[in-house]
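In our numbering, the protein residues as written are 37 to 269.
Every residue, glycine too, gets a C-beta built ideally from N, C-alpha and C.
Being a predicted model, the structure only gives us computed values, none of them experimental.
Since the structure comes first, as structure tokens, the remarks are kept for the end.
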């Protein structure tokens, strides 16, 4: 039996190219999967057609979502947005959700999931959540920056076999209103949501970047291995 094929979204760099960090591809391969990258230049229709041929979906990190996608106007502090990714990833996730495919979301990917299911986003933590800890680290990207507390009894707690974890952090947006169908499974010390999940269909999304951490901190490969198992690896 071959490796399960999984679709992975990536970042739009400019009019000529798209890119994805090597860590995503290497972690998915290490976990026993065969990743295929979907650039934002693919039309939403073709992207959703590809979903019918894969065993799972990874929504990768990147820039901000347009606040129009969750019913708000832009506020001061909003960063660079990626309209083509919004147009691709929101229907792409909905197609995967409807087919009950396993989904792994990372950073922006977690925010895409929440918005696609009807939730909202804090547009800028420093402006909208006074007293929040620093969520954009000034340190090597693999560095463990802050703790997250994992909710007991969740799939994340089972996967990581702990109720507390130190993670890296590169975001200024966060989940606000949590969409129906999602359970919060981890929070930062300031209450910011750091992970959500669903048991059926299988879904796990984290705000940090395990694809950058796993080679120095092997415990983070467990997230990709759990996703791979859900995909049939």
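- Secondary structure note for residue 145: its alpha helix (DSSP H) is the uninterrupted segment 144-152.
- When secondary structure is reduced to three states using DSSP, residue 257 falls in the helix class.
- Note on residue 55: under 16 other CB atoms within 10 angstroms of its CB, so exposed under the neighbour-count rule.
- Considered as a whole, the region 172-258 harbours 182-186, 200-203, 219-223, 229-234 and 239-242 as its complete beta strand (DSSP E) runs of no fewer than 3 residues, in chain order.
- Inside the region 101-140, DSSP marks whole alpha helix (DSSP H) runs of 4 or more residues at positions 119-134, from first to last along the chain.
- A contact between stretches requires three or more CB pairs, one per stretch, nearer than 8 Å, and the region 86-102 meets this requirement with the region 135-152.
- For residue 268, no beta strand (DSSP E) segment is defined, and its DSSP state is neither H nor E.
- Residue 247 is a Cβ neighbour of residue 59, given a cutoff of 8 Å.
- DSSP places residue 47 within a strand segment (E or B) once states are collapsed to three.
- The C-alpha of residue 190 is placed about 30 Å away from the C-alpha of residue 107.
- Going by DSSP, residue 82 is part of the alpha helix (DSSP H) stretching over 80-87.
- When only Cα atoms are considered, residue 118 and residue 101 end up about 7 Å apart.
- Under DSSP, residue 92 shares a beta bridge with 42.
- Contact between residue 233 and residue 192 holds: CB atoms are separated by about 6 Å, below the 8 Å threshold.
- Comparing C-alpha distances from residue 145 to each of 171, 265 and 99 shows the shortest one belongs to 99.
- In the three-state scheme derived from DSSP, where H, G and I count as helix and E and B as strand, residue 166 is classed as coil.
- Residue range 58-66 is occupied by the alpha helix (DSSP H) that includes residue 64, with no beta strand (DSSP E) assigned at that position.
- When the alpha-carbon of residue 116 is set against those of 85, 260 and 50, the nearest one is in 50.
- Distance from the Cα of residue 131 is smallest, within the candidate group 114, 165 and 87, for 87.
- Of the residues 40, 241, 211 and 215, the one whose Cα lies closest to the Cα of residue 227 is 211.
- Its chain contains 45, 95 and 148 as the residues whose beta carbon lies nearer than 7 Å to that of residue 125, once the 5 sequence neighbours on both sides are disregarded; these appear in chain order.
- The beta carbon of residue 89 sits closer than 6 Å to no other beta carbon from its chain once the five residues preceding and following it are set aside.
- Where residue 54 is concerned, the enclosing beta strand (DSSP E) starts and stops at 53-55.
- Annotated three-state conformation of residue 161 is helix, per DSSP.
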